[in-house]
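Numbering (my numbering), first residue to last: 12 to 260.
Every residue gets a Cβ at the ideal spot worked out from N, C-alpha and C, and that includes glycine.
Just so it is clear, the structure is predicted and the values come from calculations on it, not from any experiment.
A short worksheet on the structure shown next.
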(Lines of atoms letter the chains of each structure in order from A; the text may use other names.)
(Lines give C-alpha, C1' and ligand atoms only; values in the text may rest on other atoms or scores of the structure.)
Protein backbone atom coordinates (compact mmCIF):
# COMPACT_ATOMS: atom_id res chain seq x y z
CA UNK A 12 0.00 0.00 0.00
CA UNK A 13 2.84 2.38 0.91
CA UNK A 14 4.62 1.47 -2.34
CA UNK A 15 1.49 2.19 -4.35
CA UNK A 16 1.02 5.54 -2.62
CA UNK A 17 4.66 6.41 -3.31
CA UNK A 18 4.26 5.55 -7.01
CA UNK A 19 1.17 7.73 -7.28
CA UNK A 20 2.98 10.60 -5.58
CA UNK A 21 5.95 10.16 -7.93
CA UNK A 22 3.65 10.20 -10.98
CA UNK A 23 1.92 13.33 -9.73
CA UNK A 24 5.27 14.98 -9.16
CA UNK A 25 6.38 13.96 -12.65
CA UNK A 26 3.18 15.34 -14.15
CA UNK A 27 3.62 18.59 -12.26
CA UNK A 28 7.20 18.86 -13.49
CA UNK A 29 6.03 18.10 -17.03
CA UNK A 30 3.32 20.76 -16.84
CA UNK A 31 5.81 23.31 -15.54
CA UNK A 32 8.21 22.44 -18.37
CA UNK A 33 5.40 22.71 -20.92
CA UNK A 34 4.42 26.14 -19.59
CA UNK A 35 8.03 27.26 -19.74
CA UNK A 36 8.32 26.00 -23.32
CA UNK A 37 5.12 27.81 -24.24
CA UNK A 38 6.45 31.03 -22.72
CA UNK A 39 9.64 30.61 -24.75
CA UNK A 40 7.62 29.99 -27.93
CA UNK A 41 5.45 33.04 -27.25
CA UNK A 42 8.56 35.15 -26.67
CA UNK A 43 10.11 33.93 -29.92
CA UNK A 44 6.86 34.65 -31.78
CA UNK A 45 6.85 38.23 -30.50
CA UNK A 46 10.50 38.66 -31.46
CA UNK A 47 9.77 37.27 -34.94
CA UNK A 48 6.82 39.63 -35.36
CA UNK A 49 8.98 42.60 -34.28
CA UNK A 50 11.69 41.51 -36.72
CA UNK A 51 9.17 41.32 -39.58
CA UNK A 52 7.96 44.84 -38.78
CA UNK A 53 11.56 46.10 -38.70
CA UNK A 54 12.34 44.40 -42.01
CA UNK A 55 9.21 45.88 -43.59
CA UNK A 56 10.14 49.36 -42.34
CA UNK A 57 13.64 48.89 -43.73
CA UNK A 58 12.26 47.70 -47.09
CA UNK A 59 10.02 50.77 -47.31
CA UNK A 60 12.98 53.06 -46.54
CA UNK A 61 15.14 51.31 -49.13
CA UNK A 62 12.38 51.64 -51.74
CA UNK A 63 12.01 55.34 -50.91
CA UNK A 64 15.75 55.94 -51.19
CA UNK A 65 15.81 53.99 -54.46
CA UNK A 66 13.06 56.16 -55.93
CA UNK A 67 14.83 59.35 -54.87
CA UNK A 68 18.04 58.11 -56.43
CA UNK A 69 16.21 57.37 -59.70
CA UNK A 70 14.67 60.86 -59.73
CA UNK A 71 18.06 62.46 -59.07
CA UNK A 72 19.53 60.40 -61.90
CA UNK A 73 16.75 61.65 -64.19
CA UNK A 74 17.68 65.23 -63.29
CA UNK A 75 21.37 64.56 -63.97
CA UNK A 76 20.60 62.92 -67.33
CA UNK A 77 18.34 65.81 -68.34
CA UNK A 78 21.01 68.36 -67.43
CA UNK A 79 23.66 66.40 -69.33
CA UNK A 80 21.39 66.26 -72.40
CA UNK A 81 20.88 70.03 -72.25
CA UNK A 82 24.63 70.60 -72.02
CA UNK A 83 25.24 68.29 -74.99
CA UNK A 84 22.72 70.26 -77.05
CA UNK A 85 24.44 73.52 -76.18
CA UNK A 86 27.81 72.03 -77.15
CA UNK A 87 26.42 70.80 -80.48
CA UNK A 88 24.88 74.18 -81.25
CA UNK A 89 27.93 76.14 -80.09
CA UNK A 90 25.56 78.13 -77.95
CA UNK A 91 27.71 78.77 -74.89
CA UNK A 92 27.62 82.57 -74.46
CA UNK A 93 30.80 84.58 -74.33
CA UNK A 94 31.32 87.58 -72.09
CA UNK A 95 29.53 90.66 -73.51
CA UNK A 96 31.72 93.55 -74.68
CA UNK A 97 32.37 96.28 -72.12
CA UNK A 98 29.59 98.84 -71.98
CA UNK A 99 27.05 96.59 -73.67
CA UNK A 100 23.72 96.51 -71.89
CA UNK A 101 22.09 93.07 -71.86
CA UNK A 102 18.35 93.36 -72.35
CA UNK A 103 16.27 90.32 -71.28
CA UNK A 104 14.38 88.78 -74.16
CA UNK A 105 10.63 88.50 -74.00
CA UNK A 106 9.50 85.12 -72.77
CA UNK A 107 9.22 82.69 -75.66
CA UNK A 108 5.81 81.15 -76.39
CA UNK A 109 5.57 77.41 -75.79
CA UNK A 110 6.25 75.42 -78.94
CA UNK A 111 4.23 72.39 -77.91
CA UNK A 112 0.58 72.51 -78.88
CA UNK A 113 -1.43 70.29 -76.53
CA UNK A 114 -4.51 70.39 -78.73
CA UNK A 115 -7.27 72.65 -79.99
CA UNK A 116 -8.91 72.99 -76.58
CA UNK A 117 -5.73 74.05 -74.77
CA UNK A 118 -3.09 76.54 -75.80
CA UNK A 119 0.35 76.79 -74.26
CA UNK A 120 -0.26 80.24 -72.75
CA UNK A 121 -3.48 79.01 -71.13
CA UNK A 122 -1.67 76.13 -69.43
CA UNK A 123 1.05 78.51 -68.30
CA UNK A 124 -1.56 80.76 -66.69
CA UNK A 125 -3.24 77.80 -64.93
CA UNK A 126 -0.06 76.20 -63.55
CA UNK A 127 2.28 79.17 -63.20
CA UNK A 128 4.96 77.11 -65.02
CA UNK A 129 6.49 78.03 -68.36
CA UNK A 130 7.55 74.67 -69.78
CA UNK A 131 6.79 70.93 -69.64
CA UNK A 132 10.20 70.39 -68.05
CA UNK A 133 9.33 72.82 -65.25
CA UNK A 134 6.04 71.02 -64.63
CA UNK A 135 7.77 67.65 -64.58
CA UNK A 136 10.51 68.94 -62.26
CA UNK A 137 7.87 70.18 -59.84
CA UNK A 138 6.44 66.64 -59.63
CA UNK A 139 9.94 65.25 -59.04
CA UNK A 140 10.72 67.71 -56.26
CA UNK A 141 7.41 67.08 -54.48
CA UNK A 142 7.95 63.32 -54.64
CA UNK A 143 11.46 63.60 -53.20
CA UNK A 144 10.04 65.75 -50.40
CA UNK A 145 7.59 62.95 -49.54
CA UNK A 146 4.58 65.04 -50.57
CA UNK A 147 3.07 62.22 -52.58
CA UNK A 148 -0.45 63.56 -53.08
CA UNK A 149 0.86 66.89 -54.37
CA UNK A 150 3.44 65.10 -56.51
CA UNK A 151 0.71 62.96 -58.02
CA UNK A 152 -1.33 66.06 -58.81
CA UNK A 153 1.68 67.72 -60.47
CA UNK A 154 2.46 64.69 -62.65
CA UNK A 155 -1.22 64.31 -63.53
CA UNK A 156 -1.35 67.98 -64.59
CA UNK A 157 1.72 67.37 -66.75
CA UNK A 158 0.02 64.37 -68.43
CA UNK A 159 -3.11 66.40 -69.07
CA UNK A 160 -1.11 69.20 -70.67
CA UNK A 161 1.47 67.11 -72.53
CA UNK A 162 0.09 63.61 -73.24
CA UNK A 163 2.54 63.07 -76.13
CA UNK A 164 5.70 64.43 -74.51
CA UNK A 165 8.76 62.18 -74.26
CA UNK A 166 8.44 62.38 -70.45
CA UNK A 167 4.81 61.27 -70.42
CA UNK A 168 5.64 57.64 -69.61
CA UNK A 169 7.85 58.80 -66.73
CA UNK A 170 5.12 61.06 -65.35
CA UNK A 171 2.57 58.26 -65.56
CA UNK A 172 4.97 55.89 -63.80
CA UNK A 173 5.60 58.31 -60.94
CA UNK A 174 1.88 58.74 -60.37
CA UNK A 175 1.85 54.99 -59.72
CA UNK A 176 4.88 55.25 -57.43
CA UNK A 177 3.17 58.00 -55.42
CA UNK A 178 0.23 55.64 -54.79
CA UNK A 179 2.64 52.78 -54.02
CA UNK A 180 4.52 54.89 -51.46
CA UNK A 181 1.20 55.50 -49.69
CA UNK A 182 0.53 51.72 -49.74
CA UNK A 183 -2.51 52.24 -51.97
CA UNK A 184 -1.53 49.18 -53.98
CA UNK A 185 -4.81 48.88 -55.89
CA UNK A 186 -4.47 52.41 -57.31
CA UNK A 187 -0.75 51.89 -57.88
CA UNK A 188 -1.46 48.70 -59.83
CA UNK A 189 -4.01 50.52 -61.96
CA UNK A 190 -1.51 53.25 -62.90
CA UNK A 191 1.45 50.90 -63.42
CA UNK A 192 -0.65 48.71 -65.71
CA UNK A 193 -1.87 51.75 -67.63
CA UNK A 194 1.73 52.96 -68.08
CA UNK A 195 2.97 49.58 -69.31
CA UNK A 196 0.03 49.22 -71.73
CA UNK A 197 0.08 52.80 -73.04
CA UNK A 198 3.86 53.15 -73.44
CA UNK A 199 5.14 49.59 -74.16
CA UNK A 200 8.20 50.81 -76.08
CA UNK A 201 9.23 53.61 -73.73
CA UNK A 202 11.92 53.44 -71.06
CA UNK A 203 9.53 53.22 -68.07
CA UNK A 204 7.45 50.31 -69.43
CA UNK A 205 9.64 47.53 -67.91
CA UNK A 206 9.69 49.21 -64.49
CA UNK A 207 5.94 49.84 -64.61
CA UNK A 208 5.21 46.20 -65.39
CA UNK A 209 7.62 45.11 -62.64
CA UNK A 210 5.90 47.32 -60.07
CA UNK A 211 2.54 45.99 -61.25
CA UNK A 212 3.83 42.56 -60.26
CA UNK A 213 5.03 43.90 -56.91
CA UNK A 214 1.61 45.48 -56.33
CA UNK A 215 -0.04 42.10 -56.90
CA UNK A 216 2.43 40.58 -54.41
CA UNK A 217 1.55 43.21 -51.80
CA UNK A 218 -2.12 42.30 -52.25
CA UNK A 219 -1.32 38.56 -51.93
CA UNK A 220 -2.36 37.87 -55.52
CA UNK A 221 0.33 35.30 -56.22
CA UNK A 222 -0.88 34.00 -59.57
CA UNK A 223 -1.35 37.50 -61.01
CA UNK A 224 2.01 38.62 -59.63
CA UNK A 225 3.68 35.65 -61.27
CA UNK A 226 2.03 36.40 -64.62
CA UNK A 227 3.12 40.05 -64.53
CA UNK A 228 6.70 39.21 -63.52
CA UNK A 229 7.00 36.52 -66.20
CA UNK A 230 5.77 39.09 -68.72
CA UNK A 231 8.60 41.45 -67.71
CA UNK A 232 11.19 38.72 -68.30
CA UNK A 233 9.63 37.75 -71.65
CA UNK A 234 9.09 41.27 -73.03
CA UNK A 235 12.16 43.06 -71.69
CA UNK A 236 15.01 40.51 -71.45
CA UNK A 237 18.37 41.84 -70.33
CA UNK A 238 16.91 44.84 -68.52
CA UNK A 239 17.37 45.65 -64.85
CA UNK A 240 13.61 45.18 -64.42
CA UNK A 241 13.83 41.66 -65.87
CA UNK A 242 16.62 40.80 -63.43
CA UNK A 243 14.53 42.02 -60.49
CA UNK A 244 11.51 40.15 -61.84
CA UNK A 245 13.43 36.86 -61.92
CA UNK A 246 14.46 37.30 -58.28
CA UNK A 247 10.89 38.16 -57.32
CA UNK A 248 9.64 35.06 -59.13
CA UNK A 249 11.79 32.94 -56.81
CA UNK A 250 10.01 34.53 -53.84
CA UNK A 251 6.59 33.97 -55.40
CA UNK A 252 7.46 30.34 -56.20
CA UNK A 253 8.74 29.70 -52.67
CA UNK A 254 5.56 31.19 -51.16
CA UNK A 255 3.36 29.05 -53.43
CA UNK A 256 5.31 26.00 -52.31
CA UNK A 257 4.71 26.81 -48.62
CA UNK A 258 1.02 27.45 -49.27
CA UNK A 259 0.63 24.09 -51.02
CA UNK A 260 2.45 22.33 -48.19
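Whose C-alpha, out of the options, is nearest the C-alpha of residue i?
| i | options | result |
| --- | --- | --- |
| residue 227 | 177, 209, 37 | 209 |
| residue 162 | 61, 233, 244, 131 | 131 |
| residue 175 | 249, 213, 229, 47 | 213 |
| residue 75 | 139, 33, 36, 16 | 139 |
| residue 64 | 149, 144, 196, 42 | 144 |
With H, G and I counted as helix, E and B as strand and the rest as coil, what does DSSP make of residue i?
| i | result |
| --- | --- |
| residue 205 | helix |
| residue 284 | Nothing can be reported for residue 284, as the shown portion of the chain is limited to 12 through 260. |
| residue 220 | coil |
| residue 163 | coil |
| residue 67 | helix |
| residue 47 | helix |
| residue 198 | coil |
| residue 130 | coil |
Can you give the beta carbon distance from residue i to residue j, rounded, assuming they're within the 8 Å contact cut?
| i | j | result |
| --- | --- | --- |
| residue 170 | residue 147 | About 14 Å; that fails the 8 Å criterion. |
| residue 198 | residue 190 | Incorrect: roughly 12 Å between the Cβ atoms, too far for contact. |
Once the 5 residues before and after residue i are set aside, which same chain residues still bring their CB inside 6 Å of it?
| i | result |
| --- | --- |
| residue 172 | 194, 203, 207 |
| residue 184 | 214, 217, 218 |
| residue 235 | 205, 241 |
Tell me which same chain residues have a C-beta within less than 7 Å of the C-beta of residue i, skipping the five on either side of it?
| i | result |
| --- | --- |
| residue 224 | 212, 215, 216, 251 |
| residue 141 | 149, 150, 153 |
| residue 245 | 232 |
| residue 230 | 208 |
| residue 238 | 205 |
| residue 181 | 147 |
At a cut-off of 6 Å, would you count residue i as near the ligand ADP, judging by its Cβ distance to the nearest heavy atom?
| i | result |
| --- | --- |
| residue 18 | Among the components modelled here there is no ligand, and therefore nothing to report on the ligand ADP. |
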